[in-house]
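Here the structure comes first, spelled out in structure tokens, and everything after it is commentary.
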Amino acid sequence: MARVRRLVSLCCVALLVAGCSGTDSRSGEPVPPFHPGTVSTRAQPDKPAGSFTVVATGDVLIHPALTEQAEADGGGKRDYEPLLAGIKPVISQADLAICHMETPIATADGPFAGYPLFYAPPEIAVAVADTGYDSCSTASNHTLDHGAEGVRTTLDALDAAKIAHTGSARTEQEAGTPLVRDVNGVKVAQVSFTFGLNQGTSAPEPWMVNELSVDGVLDAARKARAAGAEVVIASIHWGIENQHEPTAEQREMAGQILADPAVDLIVGHHAHVVQPFEKIGNKWVAYGLGNSVAKHEQPRGDTEEGVIARFRFTRDGSGWHVDKAEYIPTLVDLGPPIRLRDLTTDTSVDAARKKEALDRTDGVVLSEGAGAAGLTRPGGS
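Just remember that our numbering sits 6 ahead of the position in the sequence shown, which is counted from 1.
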């Protein structure tokens, strides 16, 4: 199970650097101390011994309409948990669950904003934690929408929710500290990079956000290996918006990154639509997971569709590798109410809309031969 988050009081938040511990209210087991960069999870008895599962999702893009829905669900308070509840069973059952927090997060007093300079309420971090996520990548073209202050408030909100993070940093020391966690006894690292920043924004310091290059990704991955990581996952913000086809640059970079032993898996985002999965050698790249949750002013249909990528890692004589790869199609049901649906289990979605989403997602995800390479969809034919 993804780690249980408890004791998110101000006093515990103040003690994050020193670590805080408590008890899992469901099992009575002690929760190990939490330290930024080191997160413990608990084994699942139904998986092969010595394995762990990773799930990753696409852009968390908090448009004003989603905040209005959260206010309606919270009876005046902002509650994003019902919005995300449809994917909670999948997310919370993974050993490691990774989100992509594309938008900066403001303080509770705001101000909040949508496109083009996003600033989301901090309750989204609470909902992400309660859904079962363990960490978020934070390097995106929106990272510096509100400058250094926006980076600080974003990471402060994630810390308060006990969500680990990588991709942006408040200090140079933080930027240089690899995110490495204990996952079922395995040291797993995550690195996060973005292709660039929005026009008119720039990093006050070069270390404040990770801008994408092959050398940059590999350097960060090697530093994580030096810090003890046995598996390294790269979260990459890249591609062209609203384009299902990976660019030539995406393909070239994926090949170069995965050819190096420092990186084991790439999960991508930014395009706001689903892009293919591909197996390169014996490693996987999910070029684009689409939107996890969003409400664009002009919905396109495919911008409401996404996938949850799920990978199981096992170890053999040559090291850690993915022995099971799956994709789980999702849909932002615009309602009302707006809800994120798992299309493999949800029965409330209009049948025609569900078929449209599944057909399109299957066609895109499998277009680079991923099915023949072993990628499957739960409930798929």
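Cβ coordinates follow ideal geometry from the N, Cα and C atoms, glycine included.
Small disclaimer: the values here were computed from a predicted structure and weren't measured.
Apart from sequence neighbours up to five positions away, the residues of its chain that approach Tyr121 with a beta-carbon distance below 8 angstroms are His69, Glu303, ordered along the chain.
The secondary-structure analysis by DSSP pairs Lys83 across a beta bridge with Gly80, Gly81. Of the other Cβ atoms in all chains shown, fewer than 16 fall within 10 Å of the Cβ of Ala55; this residue is therefore exposed. Going by C-alpha positions, Glu255 is about 30 angstroms away from Tyr139. Counting only residues of its own chain and dropping the five nearest sequence neighbours on each side, Ala379 has a CB closer than 6 angstroms to the CB of Lys285. In this structure, Asn297 lies away from Leu123, with their beta-carbon atoms at least 8 angstroms apart. A straight-line Cα-Cα distance of about 44 angstroms links Pro128 and Gly323. For Gly312, the uninterrupted beta strand (DSSP E) segment begins and ends at 311 to 322. Gly82 is classed as exposed because its beta carbon has fewer than 16 other beta carbons within 10 Å across all chains shown. Less than 8 angstroms separates the beta-carbon of Val269 from that of Val223. For Ile334, DSSP records a beta bridge to Ile314. Judged by DSSP secondary structure, Asp115 falls outside any alpha helix (DSSP H); it is assigned neither H nor E.
Apart from the 5 residues on each side of it in sequence, Pro282 sits with its Cβ closer than 7 angstroms to the Cβ of Pro252, Tyr293, Val370, Val371, Ser373, Glu374, Ala376 in its chain, given in chain order. Rounded to the nearest angstrom, the gap between the Cα atoms of Gly234 and Gly191 is 12 angstroms. Gln196: not part of any alpha helix (DSSP H); member of the beta strand (DSSP E) spanning 192 to 200, first to last residue.
When beta bridges are read from the DSSP output, Tyr125 appears opposite Ala119. Here the region 306 to 322 does not lie against the region 260 to 268, with fewer than 3 beta-carbon pairs under 8 angstroms apart. Rounded to whole angstroms, Ala133 and Leu349 show a C-alpha spacing of 21 angstroms.
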